[in-house]
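This report concerns only the one structure given below.
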Amino acid sequence: MGLKSFGPLLMMMRRKLSSGSKIKSEYLMESCTPEECIKCIVSLLRDNAYHWWKTLVSMVPREWVNWEFFQSEFQKKYISQRFLDQKHKEFLELKHSWMTVTEYEREFVRLSKYAREDVSTEEIMCKRFVDGLNEDIKLLVRILELKEFVRACKADDLSKEKRKANSEAKDSRKRSMMGHSNRDRERQHSSFKAPAISITSVKSAKPNRPECRQCEK
Numbered sequence: 001m002g003l004k005s006f007g008p009l010l011m012m013m014r015r016k017l018s019s020g021s022k023i024k025s026e027y028l029m030e031s032c033t034p035e036e037c038i039k040c041i042v043s044l045l046r047d048n049a050y051h052w053w054k055t056l057v058s059m060v061p062r063e064w065v066n067w068e069f070f071q072s073e074f075q076k077k078y079i080s081q082r083f084l085d086q087k088h089k090e091f092l093e094l095k096h097s098w099m100t101v102t103e104y105e106r107e108f109v110r111l112s113k114y115a116r117e118d119v120s121t122e123e124i125m126c127k128r129f130v131d132g133l134n135e136d137i138k139l140l141v142r143i144l145e146l147k148e149f150v151r152a153c154k155a156d157d158l159s160k161e162k163r164k165a166n167s168e169a170k171d172s173r174k175r176s177m178m179g180h181s182n183r184d185r186e187r188q189h190s191s192f193k194a195p196a197i198s199i200t201s202v203k204s205a206k207p208n209r210p211e212c213r214q215c216e217k
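Under the UniProt record's numbering, the first residue of the sequence shown is numbered 1, with each subsequent residue one higher.
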């Protein structure tokens, strides 16, 4: 476990690292154990931060000096409670809103580092993430009963698939209705079409009455 899981602490520590040590600190985040982290990070502290730590460890039993102790003391010294409370509040109030799901996920993960007690398990973390989603995507995720954070973060893909399926179904129904409508119009047109009547048929339809011998009518 490196420094990566200690977002608030690391953010403040970077301000205390010597200017040429930022790349080294990034390497530590990925590769060091807690024991290695404390040795390396202390060697990178500068000015007042370095003197503060050396003074502190000289005043406590040696067995106290470990990574947890360093985190706790560094946080008390350089990270104000007001700052932590503000970030915690931002996490609790975070909603999907106008962001994309990817942007919401990124912000959720960043702020969750200030609210570890609110995301103590993956299932709890997943539930809080889903609760903050917009209603249309939230409904889909709840139907699928996703309890894994990684799968819940794919909600955008699920939503796109759902919208695509709905659009295709709508287009299919529209084409079907248009087909029925055209056939109905054709049948209606043919039923109202009057048969053509020729002059010959009109003449032939005259009744054959006998002619008057005198007027020949």
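We treat Cβ as the ideally placed atom computed from N, Cα and C, and that holds for glycine.
Rounded to whole angstroms, Leu-139 and Thr-33 show a C-alpha spacing of 41 Å.
Under the 10 Å beta carbon count, His-51 is surrounded by fewer than 16 other beta carbons and is classified as exposed. Shown here, Leu-94 sits in coil according to DSSP, grouped into three states, outside any helix or strand.
If you look at Thr-121, you'll find it isn't in any alpha helix (DSSP H); DSSP assigns it neither H nor E. Burial state of Glu-63 is exposed, judged by a 10 Å Cβ sphere holding fewer than 16 other Cβ atoms. A direct Cα-to-Cα measurement between Ala-115 and Glu-107 gives close to 13 Å.
Under the three-state reduction of DSSP output, Leu-133 falls in the coil class, being neither helix nor strand.
The C-beta distance from Trp-67 to Glu-93 rounds to 31 Å, too long to meet the 8 Å contact threshold. Rounded to the nearest whole angstrom, the CA to CA distance from Val-119 to Gln-81 is 20 Å. Approximately 5 Å separates the beta-carbon atoms of Phe-70 and Ile-38; this is inside 8 Å, confirming the contact. One Cα belongs to Glu-105, the other to Phe-129, and the distance between them is close to 8 Å. Within 10 angstroms of the beta-carbon of Lys-87 lie 16 or more other beta-carbons, which makes it buried.
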